[in-house]
Amino acid sequence: MISDLFSVTVLVGILASGIRLSTPYLFAAIGETFGQKSGVLNLGVEGQMLLGAFAAFYVALSTGNLWLGLLTAIIVGALMGLAMAYVTVNLHAEQGISGIGFYLFGLGMSDLLFQKLMGTVETVKGFPKLYIPVLSDIPYLGEIFFQQNILVYFAYLLVPVAWFVLNKTTLGLKIRSVGENPDAADSLGVSVARVRYFTIILGGTLSGIAGASMSIALLNVFQQNMTSGLGFIAVALVYFGAWRPIGVLGGALLFSLINSLQLWIQVLSIPIPSDLAVMMPYVVTILVLVATVSKVRAPSALSKAFERGD
Amino acid sequence: MKKFVWFVLTLALVLSACAAPAAEEASAAEAPAATEAPAEAPAATEAPAATEAPMAEPFRVAVVMPSATTDLAFGQSMYDALVRVQEEMGAENFEFVYSEGMFVVDDAAAAIRDYATQGFDLVIAHGSQYGSSLQEIAPDFPETSFAWGTTVDTFGEPNIFAYEALSQEGGYVNGVLAAKLSASKVIGVVGPIETGDAKLYVDGFKAGVAATDPAIQVNVNYIGSFSDVALASEAATTHIAAGADVLTGSAQMVVGAIGKAEEANALWFGTQSNQASLAPSIVVASQVYHWEVMLTEMIGLIEEGTLGGQSFSANLANGGQVIEFNDGYALPEDAKALADETIKGIVDGTITITLP
Numbered sequence: 001m002i003s004d005l006f007s008v009t010v011l012v013g014i015l016a017s018g019i020r021l022s023t024p025y026l027f028a029a030i031g032e033t034f035g036q037k038s039g040v041l042n043l044g045v046e047g048q049m050l051l052g053a054f055a056a057f058y059v060a061l062s063t064g065n066l067w068l069g070l071l072t073a074i075i076v077g078a079l080m081g082l083a084m085a086y087v088t089v090n091l092h093a094e095q096g097i098s099g100i101g102f103y104l105f106g107l108g109m110s111d112l113l114f115q116k117l118m119g120t121v122e123t124v125k126g127f128p129k130l131y132i133p134v135l136s137d138i139p140y141l142g143e144i145f146f147q148q149n150i151l152v153y154f155a156y157l158l159v160p161v162a163w164f165v166l167n168k169t170t171l172g173l174k175i176r177s178v179g180e181n182p183d184a185a186d187s188l189g190v191s192v193a194r195v196r197y198f199t200i201i202l203g204g205t206l207s208g209i210a211g212a213s214m215s216i217a218l219l220n221v222f223q224q225n226m227t228s229g230l231g232f233i234a235v236a237l238v239y240f241g242a243w244r245p246i247g248v249l250g251g252a253l254l255f256s257l258i259n260s261l262q263l264w265i266q267v268l269s270i271p272i273p274s275d276l277a278v279m280m281p282y283v284v285t286i287l288v289l290v291a292t293v294s295k296v297r298a299p300s301a302l303s304k305a306f307e308r309g310d
Numbered sequence: 311m312k313k314f315v316w317f318v319l320t321l322a323l324v325l326s327a328c329a330a331p332a333a334e335e336a337s338a339a340e341a342p343a344a345t346e347a348p349a350e351a352p353a354a355t356e357a358p359a360a361t362e363a364p365m366a367e368p369f370r371v372a373v374v375m376p377s378a379t380t381d382l383a384f385g386q387s388m389y390d391a392l393v394r395v396q397e398e399m400g401a402e403n404f405e406f407v408y409s410e411g412m413f414v415v416d417d418a419a420a421a422i423r424d425y426a427t428q429g430f431d432l433v434i435a436h437g438s439q440y441g442s443s444l445q446e447i448a449p450d451f452p453e454t455s456f457a458w459g460t461t462v463d464t465f466g467e468p469n470i471f472a473y474e475a476l477s478q479e480g481g482y483v484n485g486v487l488a489a490k491l492s493a494s495k496v497i498g499v500v501g502p503i504e505t506g507d508a509k510l511y512v513d514g515f516k517a518g519v520a521a522t523d524p525a526i527q528v529n530v531n532y533i534g535s536f537s538d539v540a541l542a543s544e545a546a547t548t549h550i551a552a553g554a555d556v557l558t559g560s561a562q563m564v565v566g567a568i569g570k571a572e573e574a575n576a577l578w579f580g581t582q583s584n585q586a587s588l589a590p591s592i593v594v595a596s597q598v599y600h601w602e603v604m605l606t607e608m609i610g611l612i613e614e615g616t617l618g619g620q621s622f623s624a625n626l627a628n629g630g631q632v633i634e635f636n637d638g639y640a641l642p643e644d645a646k647a648l649a650d651e652t653i654k655g656i657v658d659g660t661i662t663i664t665l666p
């Protein structure tokens, strides 16, 4: 019944699972924000996530060390970012197309490695819930916010850090200027190539962590194509959030909360066809996007390769 | 110009990546060269009836499937069945190859056509979404036998077999057992999309629970995807938060959900493939498809010259479906007895399952 939705258990459940579901989106979309702010559209996020998820899972499974797994995901993500940076910055490749190439590479490679190294679905003991002292004892709020695994906290800490770096530091200023007007930035002695290398590698790293957050913290399994389009939604969230970390957070939370709401709607046997319930997060996201057409425009140099003296 | 070169190179990369999940030889055994043809070969224009001699050429099967052979669900059920047929017939008499990860129907259609062109004896389209492609392809290869599932529809083509699983039967048995074992009287179900095999399983499961204890609440959640592991896992968490102490679910994305059940120490019932390996302490039983029962029948028919036109149902009675209990879980005697009794009832027809 509809009224069942407003019980405390259900509301706490919706909020807590919304927070969990948003974690991989946050890592991936914040990483993508850095890239796009500097003028690089990376559509390979999903592939970077898949390889990160597999690397983290496989290392955690074979060594039993979750941190080593996370580190491997970071390295794998960074290497994917490095390759992407070389292709887009040095070789001036079309960013959308090469991004899709990287996606397919990650999809195929993670599948191949999975088949050759594991062969069947297995499970690991992932990062456990970390109860923050004192805060986790607060009724309701504690359960929602402070009884999550460590990567969830990292994801949320990343938002203010990203905001600070982008808006309050020289590095952030360089990133933004390279994304808005690379010629001007170049003429003032900012190395467009170096800034873009930095943001793309950072984006790859965060995508790798996003994958790891799924395979060794939230789900604790690896399966072929387990991200199932999540990386592309993360790219969309950057547009939704108007290239601001706080906006990305809002989008990720909205999408995830509606998703957990629809899970509860079905569990409580509220008579809405499951097909409609499943559609809800997408419909609401589109509606919000339409209603709040942002005045913020995309970075001017987004998806344009930079060539000195063009 | 440089841009164009890179565009072409990237495109090549993309295309080669697309082609990556290509056929893999499952059996290395090459066909023994057909030099030693049987003595009566010149006369053998008709299929020789009941030959005891080994076949001159192995029976060759190709299968195209949407997910992976290792998905612990639908894809694996077919792969395992083919392996069992091979063990039964011998690697020198039976070879199979497969293309997995064929979520894109167009790719699958191309693969099906390729296999037919290569002269496989039987090409299996292991996914109901491949039906309309098969309907187009099959008439072009009247000498080749095709099979597709899960369905009962052969399109009236003489060279298409159809196969399905009466998943509601195993679902019913799982449901009876789940109702018996639930202490909280709340049971959660994680489904993919409300259709086909998954819907049959879930409806059968609900009927089994209702027949055992009508007071039990079964909460069903279809997540709208066969691949979204994250959402399936969150759905399981939601069920547990809503008080469920027994869970089940269908399709390959449930692997994450099983982990959540294990963390919460809730029981799990599997379907399609034996899922006990994922969480040995909480998986009670799995309904497992044994497609080899159907495959063996099809192979027999093909060798006699019937290439299709029939449909097969895997059920508990013909052994196409088996309830596999997990030895690692200590199932109480009376519950096991109840399950056995239910299976017997379904097989001899004393239990009829009414679906909504």
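As you go down the protein sequences, you meet chains R and L in turn.
Under our numbering, the first residue of the first sequence carries the number 1, and numbering increases by one thereafter.
Under our numbering, the first residue of the second sequence carries the number 311, and numbering increases by one thereafter.
Ideal placement from N, C-alpha and C gives every residue a C-beta, glycine not left out.
Just so you know, these numbers come straight off a predicted model, no measurement behind them.
Margin query: I'd like the list of long-range same chain contacts for residue 235 of chain R, defined as Cβ closer than 7 Å, with 5 residues on each side in sequence excluded.
Written below: 32, 43 and 45
Check: Taking all protein chains shown into account, do 16 or more other C-beta atoms lie within 10 angstroms of the C-beta of residue 414 of chain L, making it buried, or fewer, making it exposed?
Finding: exposed
Next item on the list: Tell me, please, whether the CB atom of residue 397 of chain L is closer than 8 Å to any CB atom in chain R?
Entry: no
Notebook entry, point to check: With a CB to CB cut of under 7 Å and the five nearest residues on each side skipped, what residues in its chain are close to residue 655 of chain L?
Noted result: 661
Notebook entry, point to check: Can residue 55 of chain R and residue 73 of chain R be called in contact, C-beta distance under 8 Å?
Noted result: yes
Margin query: Quick check on residue 658 of chain L: buried or exposed, where buried means 16 or more other Cβ atoms within 10 Å of its Cβ?
Written below: exposed
Note to self: Residues of chain R with CB closer than 9 Å to the CB of residue 504 of chain L, please, in chain order.
What the structure shows: 273, 274 and 275
Check: Hey, residue 175 of chain R and residue 166 of chain R are a contact pair by Cβ (cut 8 Å); roughly how many whole angstroms apart?
Finding: 7 Å
Checklist line | Runs of alpha helix (DSSP H) wholly within the segment 362-450 of chain L (minimum 4 residues, chain order) | finding: 384-399, 415-427 and 441-447
Notebook entry, point to check: Does the segment 107-118 of chain R come close enough to the segment 131-138 of chain R to have 3 or more Cβ pairs within less than 8 Å?
Noted result: no
Notebook entry, point to check: Straight-line CA distance for residue 303 of chain R to residue 500 of chain L?
Noted result: 41 Å
Checklist line | Among L:611, L:613, L:619 and L:539, nearest to residue 123 of chain R - alpha-carbon criterion | finding: L:539
Note to self: So, for residue 498 of chain L: in the same chain, excluding its five sequence neighbours on each side, which residues have a beta-carbon less than 6 Å away from its beta-carbon?
What the structure shows: 529, 549, 554 and 557
Notebook entry, point to check: What's the gap between the Cα of residue 407 of chain L and the Cα of residue 283 of chain R?
Noted result: 42 Å
Notebook entry, point to check: Along the chain, where does the alpha helix (DSSP H) that runs through residue 19 of chain R open and close?
Noted result: 8-37
Notebook entry, point to check: Does DSSP put residue 304 of chain R in a helix, a strand or coil?
Noted result: coil
Check: On the premise that residue 245 of chain R lies in contact with residue 162 of chain R, defined as a C-beta separation below 8 Å, what is that separation, rounded to the nearest angstrom?
Finding: 4 Å
Check: Nearest-angstrom Cα distance between residue 212 of chain R and residue 70 of chain R?
Finding: 6 Å
Next item on the list: Step through the CB atoms of chain R and report whether any lies within less than 8 Å of the CB of residue 531 of chain L.
Entry: yes
Check: residue 262 of chain R lies in the alpha helix (DSSP H); which residues open and close that run?
Finding: 245-267
Checklist line | Minimum C-alpha distance to residue 575 of chain L - residue among L:477, L:596 and L:546 | finding: L:546
Next item on the list: Indicate whether residue 544 of chain L and residue 263 of chain R have their beta-carbon atoms separated by less than 8 Å.
Entry: yes
Check: Nearest to residue 300 of chain R by CA position, among R:36, R:251 and R:206, is which residue?
Finding: R:36
Check: In three-state DSSP terms, what is residue 224 of chain R?
Finding: coil
Notebook entry, point to check: What's the gap between the Cα of residue 81 of chain R and the Cα of residue 48 of chain R?
Noted result: 8 Å
Next item on the list: Measure the C-alpha to C-alpha separation of residue 525 of chain L and residue 665 of chain L and round it to an integer number of angstroms.
Entry: 19 Å
Checklist line | 6 Å CB neighbourhood of residue 372 of chain L in its chain, flanking five on each side removed | finding: 407, 425, 430 and 433
Next item on the list: Note down the Cα distance separating residue 589 of chain L from residue 242 of chain R, rounded to an integer number of angstroms.
Entry: 43 Å
Check: So which residues on chain L does residue 48 of chain R lean against when the C-beta distance must stay under 8 Å?
Finding: Those within 8 Å of residue 48 of chain R in chain L number zero; the least Cβ separation is about 14 Å.
Note to self: Let me check understanding here. Comparing Cα to Cα, which of L:551, L:586 and L:400 lies closest to residue 565 of chain L?
What the structure shows: L:586
Checklist line | is_contact[residue 113 of chain R, chain L] using C-beta, thresh 8 Å | finding: no
Next item on the list: Determine the direct distance from the alpha carbon of residue 296 of chain R to that of residue 247 of chain R, and round the result to whole angstroms.
Entry: 11 Å
Margin query: What residue range does the alpha helix (DSSP H) around residue 46 of chain R cover?
Written below: 45-63
Note to self: With a threshold of 8 Å between beta carbons, is residue 535 of chain L in contact with chain R?
What the structure shows: yes
Item checked: Inter-stretch contact at 8 Å, needing at least 3 Cβ pairs: the segment 623-633 of chain L / the segment 470-478 of chain L -> yes
Margin query: So, for residue 389 of chain L: in the same chain, excluding its five sequence neighbours on each side, which residues have a beta-carbon less than 6 Å away from its beta-carbon?
Written below: 379
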